[in-house]
Amino acid sequence: MRIPSGLAVKVRPLVLLACTFLLPVPAFSQPFNQFVGFGDSTIDSGWYRNPATPPNSTSATFNADFAIAVTQGGGKATTNPGLMSSEALAGFFGLTAIPANQPGGTNYATGDAMSSLPTTTGNTGAVPTATQIANYLAGNGGAANPNALYVISSGGNDALAMGATTATVTTAANALVAAVVQLQNAGARYIIVPNLPATISGNPLLQAYNDTLWPGLATAGINFVPADVNSVLAAVKGNAAFGFTAVGPACAQPAGITSGWATLCSTTSTVSTLVSPDAAQTHLFADNLHLSTAGQLIVADYEYSLLVAPSMISMLAEAPLQTRTNLVSIIKNQIPVSQGQNGTRGFNAWLSGDVANLKIQNYSGFPNDPGTPGALAAGFDYRIANDWRIGLVLATGHQHASFAMGFGGFTQDEFSFSAYTANSIGPVWFDAIATYGTIRYDVKRTVPVGITVQDNAGSTSGSDISLAGDIGYKFILGAVTYGPLVGLTLQQAHIEPFTESGSFTSLGFGAQTRNSAVGDFGGRVTVDLECLSPFAEATWDHEFASTNRQVTAMLTTTVAPSYSMPAVRVGTDWGIVTGGATVKLASNVSGLFAVTGTFARQNVTTYGGQIGVNVSF
C-alpha cells in the first residue's frame, strides 16, 4: 500500500473491492452436525458397557469389579454418573457422544487404548487409536464427515506403558500423526487434539509425546485445534476459585486395584463410591489418572471456548459492514433535501443521527452478537455548475456488542470522512459516496470454565473503506415522484491482529479482511405536500463477494501451531425498507426523520431510525 503511503492506504482497497465481483459465493454450511471421538479413557464415554466388548483386563479382579460396577452406574473414567468431557462438549452443540459400539454411537474411544499398538497390560480389548480412525473411515466408505467435530485424545497409555522410552513414545506420536493425515485427507475439517498433562504428572515421557505430536501434525499440514489441557489443569490444580478442596482421588480405591479405578466408581457403586457426597465437585481427579465430573467439565468448557472464539472475533470484521450501511443511508437521505432546498449561495449544512438495533446470528451452539450501533454525521455540500452538488461529511459511530451466553463483548468506535456528489439530468438522477474510516476495538471476552468466569481483554484497530452509488429514474404524477433505482456498494473492512491477556483461556487472533460487493435494486416514492414530504424506499440487495472466510487463533499458554475456524456467515440476499419524511421548519430549514429495517436476511436482523436537520444558505 504505497503511492505515497498515506494515499495508497485508501486507493489499494478500492481496487481489491472491484475484484470481489469475480468471487463465487458458496452455500451455507453448519460447522458441526456430528461428534466423533477417537482415543483412550480420557474421552471414552462407556465403550466397555457393551457386553459384546468387555474390558478383558489382564486383572481378573478388575474384570469382576467392572461387571458389578456397570450394573450400578459405572463404566466411564470419571465420578459416574457425571459426564465425560467428550459428552459435555458434544452437548454444547446439541450433539451426542454415544460409544460407537452402541446404537447411534460415534465415539470410538476405548479405555487403555494406545496410539497405534495393541494394549498388552490392562484392557487388552482396547482398540488402538489409529485403528479406531481406520475403522471409522472403513465404515463410512472411506469418507470423513466434513461437518463433524472430531476429538482425538491419545498418548497417555503409550507414555505410561511398561518399558516406555522416549523413542517408543515418539514412534507412537508419529503413528497417530499418520492416522490424522488420513482422516483430514478423507474430508475431516474440525479436529481437536489435546496435549497430555505433563506438568501435573511429572513424567518426562508425556512431554516427549507432546513435543512430537503437535509439531508433527503442523508439519503434515493438519489444521487442528491444539487444546492445552496441560496448562488448564496446572492452573486449576490447587485453585480454590474452582471449588476444589482436594486434588483427588474422589473415588475410593478398591482392594486389588492399583491404578485407574474411576470406571468402577459411581454414587451407588458397592465396588468404589465417592469419598464424600460432594467429591465429584470438590476433587479434581476421580482416581490417580482420570478427572472427576467437575474436572471433565472444565476441559469441555475450555475446548468449547477454543472452537467458538474465532467466530466470535470474526464479528469485529462483520459489524463495520452493517454500521457503514447506516452512515450511507444517512447521506443518501440528506442529498435530496439539499437538492430541493437551495440557498442563495448554494450551500447546505446538515446534521443527522442514527440509532439501530443489530443482531448477528451465529452458528448453532455458538454465541450470538446483539448490539446497538449509533452514528452522528455532520455534512456540508455546495451546488456547482449544471446542478452538480458536492459534499463532505465527518461522522463518528459507536457500538457496544454483547456476545450472548455470557461470553463478554466488544466496543467499536469509528471516525470517518466521506465525500459525495449527486446530480439530476432530466428524469435521471444519480449519487456517489466514498468513505474512509478508522476503527478502534476494545474486546472483553469472558469464558465460563467450571464454576468460574475467566476474563480476557484485548484491543485492536482497523480501517473501513467503501464506495457506494445509486442511479434512478423519476416519474412525476402531480405531487408524487416515483421510480426505480439500482445501486452498488463496494466495501472492505480490515482488522489488525491482537493478543488477549488475562487467563489461561486468552488467545491471539490474526488479521481479518472482509470484502463486500452489494448490489441493490428497488424503487423510491416521494409525495410533496409542501410543508411535509413523506418518502418510502424498498430495495432487494445481493452480496456478490464471498462470505466464506476463516479466522486464525493462537494459544497464549504454550508454543503451539495456530489454527483456523470459520467466520460467522451472513445471508447473501435480503430486503431493506425505509420510510420517513422531510418537514419544512423554515424557509431555509428542513427536518428529516426515517425508520429502516431489513427482512429475509439469514443470520442478520437490523432496524433503526434517523433524525436530522438541513439548513441552506
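So the sequence shown is residues 1 to 617, counted in my numbering.
The C-beta atom is built at its ideal place from N, Cα and C for all residues, glycine as well.
Backbone CA spacing between residue i and residue j [nearest angstrom]
| i | j | result |
| --- | --- | --- |
| P370 | D520 | 25 Å |
| G182 | A148 | Before going on, a small fix: residue 182 reads as Gln here, not Gly. Rounded to the nearest angstrom, the two C-alpha atoms are 15 Å apart. |
| P249 | D287 | 4 Å |
| L532 | A581 | 7 Å |
| F617 | G591 | 15 Å |
| A175 | G487 | 57 Å |
| W261 | A401 | 47 Å |
| L205 | A227 | 19 Å |
| G353 | G579 | 16 Å |
| R157 | G139 | According to the sequence displayed, residue 157 carries Asn and not Arg. For N157 and G139, the distance between alpha carbons rounds to 26 Å. |
| S41 | S463 | 48 Å |
| S418 | L351 | 14 Å |
| S506 | S231 | 12 Å |
| Y436 | T556 | 33 Å |
| Y150 | G406 | 25 Å |
| N223 | G391 | 49 Å |
| A164 | T263 | 24 Å |
| N368 | T552 | 19 Å |
| A130 | S116 | 5 Å |
| L233 | L306 | 16 Å |
Neighbour-count burial assignment, residue i, 16 or more Cβ in a 10 Å radius
| i | result |
| --- | --- |
| N324 | In the sequence as displayed, the identity of residue 324 is Arg instead of Asn. So R324 counts as buried. |
| G399 | For the sequence presented, residue 399 should be read as Gln rather than Gly. So Q399 ends up on the buried side. |
| S587 | exposed |
| Q334 | buried |
| P497 | exposed |
| N624 | An answer regarding residue 624 cannot be provided, because it is not within the stretch 1 to 617 covered by the chain. |
| R345 | exposed |
| M162 | exposed |
| V428 | exposed |
| S272 | buried |
| V559 | exposed |
| T119 | buried |
| T71 | exposed |
Cβ distance (whole Å) where residue i is taken to contact residue j below 8 Å
| i | j | result |
| --- | --- | --- |
| S329 | T539 | Contact flag wrong, Cβ pair sits at about 11 Å. |
| T78 | H290 | 6 Å |
| V447 | F366 | About 14 Å; that fails the 8 Å criterion. |
| Q281 | G243 | 6 Å |
| A319 | Q412 | 6 Å |
| A479 | V527 | 6 Å |
| V449 | Y420 | About 49 Å separates the two Cβ atoms, so there is no contact after all. |
| V355 | G609 | 6 Å |
| V177 | G216 | 4 Å |
| G113 | S154 | The question names Gly, but residue 113 is Ala in the sequence shown. That belief holds up - the Cβ atoms of A113 and S154 are roughly 7 Å apart, short of 8 Å. |
| V659 | Y563 | For residue 659 there is no data in the structure shown, the boundaries of the chain being 1 and 617. |
| N548 | G571 | Going by Cβ atoms, the distance from N548 to G571 rounds to 13 Å, so no, they are not a contact pair. |
Span of the beta strand (DSSP E) around residue i
| i | result |
| --- | --- |
| Q253 | Element bounds for Q253: n/a, residue is neither H nor E. |
| T199 | Run containing T199: none in the beta strand (DSSP E); it sits in the alpha helix (DSSP H), 198-201. |
| P566 | 563-566 |
| V36 | 34-39 |
| D158 | From DSSP, D158 is part of no beta strand (DSSP E) but of the alpha helix (DSSP H) over 156-160. |
| F66 | That residue, F66, is in no beta strand (DSSP E); its alpha helix (DSSP H) goes 60-71. |
| W350 | 347-360 |
| F242 | Looking at the DSSP string, F242 is not in any beta strand (DSSP E), and its letter there is neither H nor E. |
| S503 | Run containing S503: none; DSSP gives neither H nor E here. |
| D369 | 369-371 |
Delimiting residues of the alpha helix (DSSP H) encompassing residue i
| i | result |
| --- | --- |
| N230 | 229-236 |
| L89 | 85-92 |
| V247 | First-last for V247: undefined, no H or E at that position. |
| I619 | The chain is shown only over 1 to 617; residue 619 falls outside these bounds and no answer can be derived. |
| N185 | 166-185 |
| F475 | Counting along the chain, F475 falls outside any alpha helix (DSSP H), though it belongs to the beta strand (DSSP E) covering 475-477. |
| A206 | Here residue 206 turns out to be Leu, not Ala, going by the sequence shown. Residues 204-219. |
| T605 | Unbroken run through T605 is the beta strand (DSSP E), 604-616; no alpha helix (DSSP H). |
| G139 | 129-139 |
- prompt: At which residue ranges does the stretch 259-333 contain complete alpha helix (DSSP H) runs of 4 or more residues, listed in the order of the chain?
  reply: 279-282, 293-313
query: Which full runs of the beta strand (DSSP E) of 3+ residues lie inside the stretch 418-466, going along the chain?
result: 428-449
- prompt: Whole beta strand (DSSP E) runs in the stretch 381-417 with 3 or more residues, listed along the chain?
  reply: 389-402
query: Taking the runs of the beta strand (DSSP E) that are 3 residues or longer, which of them lie wholly in the stretch 528-601?
result: 532-543, 550-555, 563-566, 573-586, 589-599
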